[in-house]
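For the sequence shown, the positions run 20 to 405 when the numbering used here is used.
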Amino acid sequence: MMNKKKLYIYRLFNFRLALIDYYLINELSYFFLFSVGLFSSLGITLSTISDLAYKITEYNLPIKIAIKVFCLKLPEFIAYALPISMLLTTLVTYGRLSHDSELIACRSVGISIFRLILPALIFSLMVIGITFVFNEIVVPAANYQATIIQEQFIPETSFSLQRKDIYYPEYEKSNHQTQKSLKRLYYAESFDGKNLRNLTIISWAENQLSQIIVSQSASWDQTQKLWNLVNGSINYFTENISNNFSKQFDYLQLPLAKTLFALVSQERNPEEMNIAQASQYLDLIKLTDDDKNIRLFQVRIQQKYAFPFICLVFAAIGSTLGASSQNIGRAKSFGFTALIVFVYYLFSFLVNALGLVGVLSPFLASWLPNFLGLGLAFWLLIKTSL
């Protein structure tokens, strides 16, 4: 009895050494690399090349810069291609094995369908790791550099728009209040990387307008932790209108928070941030009580965690569908891939929208498509094994 138990444990922990696993992973690897190249090329050709051609003709973007942008955008499309390639690869590979009766031969000697698709799941776990690292290290940095090098040629990039018409509310919460009240309102026409231009600061005290500061420029003094304001005026307001007055200044230092400078210096959208950067930015915008922007970043952060696991979902669905039919050739595999990807991403878009408007939590809005996809794959697997 003890020998049988040891033999079972040995087989359980040594399944990776089986010849069939090496064979299936080898079959998956070659077509997976082909699929990544195919979908990456199609994606960047359909999306980036037409956009760059427009910018070359409309904004005189130099060819040299356009080539650099093309290369920098390639990692983003490779990242998008990895899950889709996983789906097509498993469909084609297991469809061919089923068509050639190789899976039937394996099952005739006692190998279960669960055991046959296990190499695909193991392979998808490796791809998940690659996708996560790629999305964290390569894609955000490349997208940010692509935005930077276009800035001087394109008048309205996301980078330049963030530096114009800057609005920031600062709230406070007193001991006897349950809701936050507006303490200061900041507005600047632009930010040049160091100075806020044409700044206006409106302050309230006990729900009464108390002060309006207008300044030609303002900068942050990192050493003294103060704002440096140049060429402006301070307008003081009281309950008695006759006591209102204003005062001009050439230079003024104020003990205000650094938050606004931290926000405008970030200069990145969610696609140009990794998880750590997005989390830091989320901590900053939480101070603004901008619920819409807060939810956006909460959902995007969860999506960055959830996205690599689409590879596991697609591997489970693709391998099960491929193994369940002997009539899935390459043409049908491409068709199934297009249909599944369309349905999956349409559902993801709808669920993410519910997360952005607050109907679903950021976690559910990002992970629900994966959970349902794995549930569907498990149901297909159970049905196929009967």
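Ideal Cβ placement from N, Cα and C applies to all residues, glycine included.
Remember, predicted model here, so these are calculated numbers, not experimental data.
Using DSSP bridges, identify the partner residues of residue i.
i, result
"S234", "L218 and G251"
"A205", "For clarity, residue 205 is Tyr in the given sequence; the question names Ala instead. The partner list for Y205 (beta bridge, DSSP) reads Y187 and I220."
"F210", "L215"
"L245", "D240"
"F268", "G251"
"S200", "E191"
Would you identify the three-state DSSP class for residue i, choosing helix, strand or coil?
i, result
"E9", "For residue 9 there is no data in the structure shown, the boundaries of the chain being 20 and 405."
"Q171", "coil"
"S120", "coil"
"D40", "helix"
"S229", "strand"
"D308", "coil"
"L144", "helix"
"K83", "helix"
"L273", "strand"
"S131", "coil"
"N162", "helix"
"V378", "coil"
"M292", "coil"
"N262", "helix"
"I347", "coil"
"F153", "helix"
"T112", "helix"
"T339", "helix"
"T403", "helix"
"W386", "helix"
"T257", "coil"
"R287", "coil"
Let me check understanding here. Comparing Cα to Cα, which of the options lies closest to residue i?
i, options, result
"Y41", "Q267, I141 and Q321", "I141"
"Q230", "P81, W239, A160 and T219", "T219"
"T403", "L340, Y99 and Q299", "L340"
"I329", "K351, W386, I313 and F355", "W386"
"I336", "Y78, G62 and G114", "G114"
"S59", "F316, Y99, D70 and T76", "Y99"
"V111", "A350, V360 and G394", "A350"
"I84", "I168, S120 and H118", "I168"
"F361", "D70, I103 and F51", "I103"
"L393", "A342, N288, P381 and S338", "S338"
"K311", "A342, G129 and A372", "A372"
"E208", "K183, K305, I401 and I232", "K183"
"R287", "K277, Y300 and I132", "Y300"
"V332", "K213, T109 and K244", "T109"
To the nearest angstrom, report how far apart residue i and residue j are at their CA atoms.
i, j, result
"A72", "Q164", "19 Å"
"L43", "P138", "6 Å"
"I82", "Y49", "35 Å"
"D92", "I347", "Just to set this straight, residue 92 is Lys in the shown sequence, not Asp. Rounded to the nearest angstrom, the two C-alpha atoms are 34 Å apart."
"Q267", "I173", "38 Å"
"N247", "Q235", "11 Å"
"N45", "S54", "15 Å"
"I39", "F96", "32 Å"
"K87", "L228", "51 Å"
"E170", "Q272", "32 Å"
"V283", "K74", "26 Å"
"A357", "L57", "14 Å"
"G148", "P327", "8 Å"
"P465", "T64", "Any property of residue 465 remains undetermined from this structure, which presents the chain solely from 20 to 405."
"F366", "P388", "7 Å"
"E225", "L395", "57 Å"
"T278", "L47", "50 Å"
"A124", "L369", "43 Å"
"N79", "D269", "42 Å"
"D119", "F51", "20 Å"
"F133", "L122", "12 Å"
Grab me the residues of residue i's own chain with a C-beta within less than 8 Å of its C-beta, minus the 5 sequence neighbours each way, in chain order.
i, result
"F353", "L107"
"I68", "F89"
"I294", "E155, I320, K323 and Y324"
"A37", "none"
"K199", "Y190, E191, K192 and D308"
"P381", "R314, Q317, V318, I320, Q321 and G374"
Under 6 Å Cβ to Cβ from residue i, same chain only, skipping five residues before and after it: list those, please.
i, result
"E189", "K202 and R203"
"F264", "Y255"
"F34", "At F34, the pLDDT of 45 sits below 50, so the modelled position is not reliable and the matter cannot be decided from this model."
"V152", "none"
"A161", "L91 and P94"
"S343", "T403"
Does any residue of chain D have a CB that is nearer than 8 Å to the CB of residue i?
i, result
"L101", "Chain labels in this structure do not include chain D; a single protein chain is all it has."
Note down, in chain order, each residue of its chain lying with its Cβ closer than 7 Å to the Cβ of residue i, except the 5 sequence neighbours on either side.
i, result
"V146", "L101, M105 and C330"
"F280", "W239"
"M21", "Bear in mind that the predicted position of M21 carries a pLDDT of just 42, short of 50, making it too unreliable to give a figure here."
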